Structures are given as structure tokens and as C-alpha cells.
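Trainee: Taken in sequence, the protein lines are chains A and B.
Using our numbering, the letters of the first sequence correspond one by one to residues 13 to 127.
Using our numbering, the letters of the second sequence correspond one by one to residues 611 to 723.
The structure is given below, and queries will be raised subsequently.
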Amino acid sequence: AQSVAQPEDQVNVAEGNPLTVKCTYSVSGNPYLFWYVQYPNRGLQFLLKYITGDNLVKGSYGFEAEFNKSQTSFHLKKPSALVSDSALYFCAVRDMVSSASKIIFGSGTRLSIRP
Amino acid sequence: EADIYQTPRYLVIGTGKKITLECSQTMGHDKMYWYQQDPGMELHLIHYSYGVNSTEKGDLSSESTVSRIRTEHFPLTLESARPSHTSQYLCASSEFQISDTQYFGPGTRLTVL
């Protein structure tokens, strides 16, 4: 079964420190992976995606994610956190099995950046 | 910012009322989706569409229905709202590409009293 897991419900980081939000996946074949961010009372915003190529993917707002095939991970990272990065982050994987052309979302990780 | 719109943004309504949540996109995307999300929780796919006159049920059973008469428009209807329908409803769209990046609207927060 295809799935994506976000093992941490909440991540707390001090402003200026590096941050990592973890994601692991389980898919058949090559994965298409995504990160989205959701601010309060808003829809999801696309941050970045991995399709093929370089394992380090750069996205919006200074975020990047590292694809690691051997560890089946796609962790989201930022070198220096901002208070404005506080939000709910979703990892997602393209469902390559069903004919429905869907994206499977993780359960979300709440990122809290303290001043 | 994606060109996908949802109205109303907030709706408070009594039990038994019929409601329609509107979703429109100006990107010409073939595929559209409806998700249900309780505040701060995970997303559940309830409906999707590949194009005009195409609608499918998602992973989470829902009493709502959808229609896709025009490419840009994908409304969701509840014939008789109940308190259990209280939730946030997110609409999304994507191109017909293998990568399938989805772009989301701002959501409609529905409260049924």
C-alpha cells in the first residue's frame, strides 16, 4: 500500500536555528513527493516537489527538501527558521497504483518557531 | 498564488438546510478535487473529477454530491446539512500531468448548528 508518514505531530524550534520536518514514504516504483504548508484559516500552499534528478530540491520561502531513496525519506529543511514559518506542514506522495490520479497526504506536522 | 476561488469562506447554517459550496479555477486545469479537513488535522479526499461530466467519490465517504458541467467550476452540494458536516472544505485543481501538483483554494469553513 502506498503511504506517507510524518512521525512528529509538533516540532518546536528557536528563531534562527535550522529546522527539519520529517517525512517517510512507501510507494511502488519511483515516488513523486510534495511538501505543502497551511497557515491558519487558509488552504494549502505548494512548497516544493521531487520528481526526478537532484536529491536536494529547493522551494518557496527558503525551504528545501532532501530525497533519500535508501531511507525512503523526504525531510523538509530550512537553514534558519523565522517566526513566520510557524504553520502546519503536509508531506504528500503521488498515488501511482490506483487509476484515480490522487495525492496521498500525511497527517501533518505543526511547526512552531519561538522568538 | 494559485487562481482558485472558494465561496463562501465561512458559513453558519441550521440543520436540514441545503447548501452549495462553490469552487472555481481560472487555470484551465482538467482535474479538480474536494477535501474535508477538521481544523489542524489531516485531509480526506471526498470527491474528484478528471474533467467535464466526470465525477468520482474519494476515500472518505461523504453525503455530499458534486457536479462538473464546466471545466472551471466544481460545486459541492449538501442536500440536508447536519452538525456532523461541520468541517473545513478545501477545493484543489491540477493539470493532467504525471507530477500532478495540486493547487488549493482558501477553503470554506462550514458550521451546522
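Note that the Cβ used here is the ideal one computed from N, Cα and C, for glycine as well.
Because the structure is a prediction, the values reported are computed rather than measured.
Name the chain B residues whose beta carbon is nearer than 7 Å to that of A:F117?
Mentor: The answer, in chain order, is E652 and L653.
Trainee: Would the beta-carbon of A:E27 fall within 7 Å of that of A:A77?
Mentor: no
Trainee: With DSSP as the reference, identify every bridge partner of B:V656, one or two as the case may be.
Mentor: Here the sequence assigns Ile to residue 656 of chain B, which means Val is not the residue at that position. Partner(s): none; B:I656 has no beta bridge.
Trainee: In angstroms, rounded to a whole number, what distance separates the CA positions of B:L655 and A:G41?
Mentor: Take the alpha-carbon of B:L655 and the one of A:G41: they are about 23 Å apart.
Trainee: Tell me whether the beta-carbon of A:L45 lies closer than 7 Å to the beta-carbon of A:Y73.
Mentor: For A:L45 and A:Y73, no; Cβs fall outside 7 Å.
Trainee: Here's a check: name, in chain order, each residue in its chain whose Cβ is nearer than 6 Å to the Cβ of A:G120, leaving out the five neighbours to either side.
Mentor: L100 and F102
Trainee: Is DSSP giving B:H683 helix, strand or coil here?
Mentor: strand
Trainee: Check distances from the C-beta atoms of the region 688-704 of chain B to those of chain A and list, in chain order, the residues that come in under 7 Å.
Mentor: L700
Trainee: Are the region 642-649 of chain B and the region 676-695 of chain B touching by the rule of at least three beta carbon pairs closer than 8 Å?
Mentor: yes
Trainee: Give me the Cα-Cα distance between A:P19 and A:K34, rounded to the nearest whole angstrom.
Mentor: 7 Å
Trainee: Let me check one thing: in DSSP terms, what residues is B:M651 bridge-paired to?
Mentor: Answer by DSSP bridge pairing: none, since B:M651 is not bridged.
Trainee: Please state whether the Cβ-Cβ distance between B:R692 and B:Y620 is less than 7 Å.
Mentor: no
Trainee: What does A:L88 pair with, by DSSP beta-bridge criteria?
Mentor: Residue pairing by DSSP places A:L88 opposite A:V33 and A:A77 in a beta bridge.
Trainee: Could you tell me whether the Cβ atoms of A:N24 and A:S124 are closer together than 7 Å?
Mentor: Yes; because the gap between Cβ atoms is below 7 Å, this pair is in contact.
Trainee: Looking only at its own chain, which residues have a Cβ that is under 7 Å from the Cβ of B:Y660, when we skip the five neighbours before and after it?
Mentor: Cβ within range, chain order: D640 and K641.
Trainee: Quick one: which chain B residues come within Cβ less than 7 Å of A:L100?
Mentor: G650
Trainee: Helix, strand or coil, according to DSSP, for A:S72 in the structure here?
Mentor: helix
Trainee: Use the C-beta contact count for B:P716: other C-beta atoms within 10 angstroms, 16 or more gives buried, fewer gives exposed.
Mentor: The residue in question, B:P716, is buried, as its Cβ has 16 or more Cβ neighbours within 10 Å.
Trainee: CA-CA distance, B:S672 and A:T64?
Mentor: 35 Å
Trainee: When the Cα of B:R680 is compared with those of B:K667, B:C633 and B:Q647, which residue comes out closest?
Mentor: B:C633
Trainee: Can you confirm whether A:F79, when its beta carbon is compared against all beta carbons of chain B, has any partner nearer than 7 Å?
Mentor: no
Trainee: Run down chain A in chain order and give the residues with a C-beta less than 9 Å from the C-beta of B:F714.
Mentor: Y48, Q50, R54, G55, L56, Q57 and F58
Trainee: Give the interface partners of B:T560 over in chain A, defined as CB-CB distance under 8 Å, in chain order.
Mentor: No statement about residue 560 of chain B is possible, as the shown extent of chain B runs from 611 to 723 and does not include it.
Trainee: Can you tell which of B:Y615, B:G626 and B:G650 has its C-alpha closest to the C-alpha of B:Q635?
Mentor: With distances taken between Cα atoms, B:Q635 lies closest to B:Y615.
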